[in-house]
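Position in the sequence shown (first residue = 1) + 5 = our numbering. C-beta: ideal position from N, C-alpha, C; glycine also. Computed from a prediction, not measured in an experiment: that's the story for all the values here. Encoded as structure tokens, the structure appears first; notes follow it.
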Amino acid sequence: MDVFLVYLFVATATPLFLWVEHRKWAVLHIPFVIALWSAFIYYVAVPELGGWGHVTLWSLFVANLAFAHIAAFMLYAVPFIQKQKKKRSTTVRNF
């Protein structure tokens, strides 16, 4: 549960990091964060969560984790790959 809480804080800060360069990604991420906090508060408030509660909580966690990895790839890896391709194409032309 401690790891989930730490991840919840990181996920909450993610839209703030995305806001400057990619507002659409940040706005798309906000409902995930609200749903995660709602599920977490429900998890803490209700002693017995039940099967569907666990499925909902972990589904939101996995969806948010997938969103974070896709966003990180799109924000950092794609520009780097494009820069490397551009660099290769200019070196090939120089030969």
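- Judged by their CB atoms, Thr17 and His34 are not nearer to each other than the 7 Å cut-off.
- Contact fails between the segment 80–97 and the segment 54–67, because fewer than three Cβ pairs, one in each stretch, are under 8 Å apart.
- Per DSSP, reduced to three states, the secondary structure at Trp63 is helical.
- The closest CA to that of Trp42, considering only Leu23, Phe14, Gln89, is found on Phe14.
- In the displayed model, Pro20 falls within a helix according to three-state DSSP.
- Its Cα nearest to that of Trp24, the residue Leu80 stands out among Gln87, Lys90, Leu80.
- The C-beta of Leu10 has fewer than 16 other C-beta atoms within 10 Å across all chains shown, which makes the residue exposed.
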